[in-house]
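Residue numbers (my numbering): 486 to 713.
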């Protein structure tokens, strides 16, 4: 049992023996006891409101795992290690306020429901359908009417370049072409749903150009409208 505790990160024989005695020889109880002692400083800082930020770029991964165990709702050392390593892969970096970082919340929830690293990577990360850039799923953009993920740069360029070279009638998904913008119902739904995302992603001049082109397109389709 002392050897097992040493392999789990507690090589000090005196403290390990004392923990086993307190837990009447229970390996699991001794492990929880030892982890509690090690996590006590983090818990004290947490309850006092002085919990340091989580730095997924730090070199001491063991310290990060202990901090994750103390501050995030993860059930075991192994799950905390998954949060640490996958957070680094996803580019989390320095998280000043873990409660306000949506990607970290999604990662903790995913790790809590699935311990398989490969499945977690597929769930949390995807590749842009245009350029193949792999990013956290949460950072991708999706166009209404299709399921093709687009990285922020491809999303921006698709509309910035497309509105000038092809016109708004040809600005469906650059990967699959959906939805059919010739259909009036789909066209109106597509652009009304997409408008908030375009406003956030495009510069004001390009967004204004898209809006103006859409207005002109609808006027051209109106049989009662006559150009002066």
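Cβ atoms here follow ideal geometry from the backbone N, Cα and C, with glycine treated the same way.
Check, Outcome
"Close Cβ partners of residue 629 (< 8 Å) along its chain, the five nearest in sequence each way excluded", "664, 674, 675, 678, 679"
"Helix, strand or coil at residue 612 according to DSSP, with G and I counted as helix", "strand"
"Minimum length 4: unbroken alpha helix (DSSP H) runs contained in the stretch 618-645", "none"
"Identified DSSP bridge partners for residue 579", "540"
"The stretch 582-590 contacting the stretch 650-657, beta-carbon criterion three pairs below 8 Å", "no"
"Residue range of the unbroken alpha helix (DSSP H) whose run includes residue 499", "498-507"
"Backbone CA spacing between residue 577 and residue 568 [nearest angstrom]", "11 Å"
"beta-carbon residue 605 near the ligand MG non-hydrogen atom, thresh 7 Å", "Annotation note on the ligand MG: not contained in the displayed structure, which lists no ligands."
"Distance CB(residue 538)-CB(residue 554) smaller than 8 Å", "no"
"Beta-carbon proximity list for residue 543, same chain, < 8 Å, skipping 5 on both sides", "549"
"From 638, 627, 496, 487, residue whose alpha carbon lies closest to that of residue 657", "627"
"Three-state secondary structure assigned by DSSP to residue 486", "coil"
"Residue 596, buried or exposed, once every other Cβ within 10 Å from all chains shown has been counted against 16", "buried"
"Integer Cβ distance of residue 615 from residue 583, believed to fall under 8 Å", "Incorrect: roughly 32 Å between the Cβ atoms, too far for contact."
"Distance between residue 519 and residue 692 (C-alpha atoms, nearest Å)", "58 Å"
"As assigned by DSSP and simplified to three states, the class of residue 599", "coil"
"C-alpha distance - residue 670 paired with residue 641, whole-angstrom precision", "24 Å"
"Among 703, 687, 689, 643, the one whose alpha carbon lies nearest that of residue 667", "703"
"Rounded C-alpha distance that separates residue 585 from residue 655", "38 Å"
"Nonlocal neighbours in the same chain, by C-beta distance under 8 Å from residue 600, ignoring five residues either side", "563, 564, 567"
"Outcome for residue 689 when other beta-carbon atoms lying within 10 angstroms are tallied against a minimum of 16", "exposed"
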